[in-house]
Amino acid sequence: IHTGQKPFKCSSCGKSFRQSTHLKIHQLTHTEEKPFQHKVCKCDRCEKIFPSSSKLQRHYLIHTGQKPFGCNVCGKTFRQSAHLKRHQLTHT
Numbered sequence: 003i004h005t006g007q008k009p010f011k012c013s014s015c016g017k018s019f020r021q022s023t024h025l026k027i028h029q030l031t032h033t034e035e036k037p038f039q040h041k042v043c044k045c046d047r048c049e050k051i052f053p054s055s056s057k058l059q060r061h062y063l064i065h066t067g068q069k070p071f072g073c074n075v076c077g078k079t080f081r082q083s084a085h086l087k088r089h090q091l092t093h094t
């Protein structure tokens, strides 16, 4: 749900965020500690942040409308294979 509210506020500078994970990543700018070295993957359409490129790619399907996983029984399509697997149980 996109309410526009930003309930997670940085105690160091006051900047607010919609998600607690965004706040945690931001808080790293106030310290010299580098708890992880991997690149943060950010969606160029909505600026949502993901821990891996595979999760960003899965998210990006929301923006493109693609649903690459199709049911071989009824043809219904899904963005995620897990959703297809759950759906396929309705045919048993």
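In the working numbering, the protein residues as written are 3 to 94. Even glycine gets a Cβ: it sits at the ideal position worked out from N, Cα and C.
For the candidate residues the options, whose alpha-carbon lies nearest to that of residue i?
i, options, result
"GLN68", "SER14, GLN82 and LYS8", "GLN82"
"SER14", "HIS32, LYS8 and SER22", "HIS32"
"SER22", "ILE51, PHE80, THR66 and GLY77", "ILE51"
"GLY6", "CYS48, HIS61 and GLY16", "CYS48"
Confirm, please, whether the CB-CB distance from residue j to residue i is below 7 Å.
i, j, result
"LYS8", "SER18", "yes"
"LYS43", "LEU30", "In the sequence under discussion, the amino acid at residue 43 is Cys, which differs from the Lys named in the question. Against a cut-off of 7 Å, the Cβ pair of LEU30 and CYS43 comes out as no contact."
"LEU91", "PHE71", "no"
"HIS28", "CYS12", "yes"
"HIS89", "CYS73", "yes"
Exposed or buried, what is residue i when buried is set at 16 or more other beta-carbons lying within 10 Å of its beta-carbon?
i, result
"HIS93", "exposed"
Quick one: what's residue i bridged to in DSSP?
i, result
"SER18", "LYS11"
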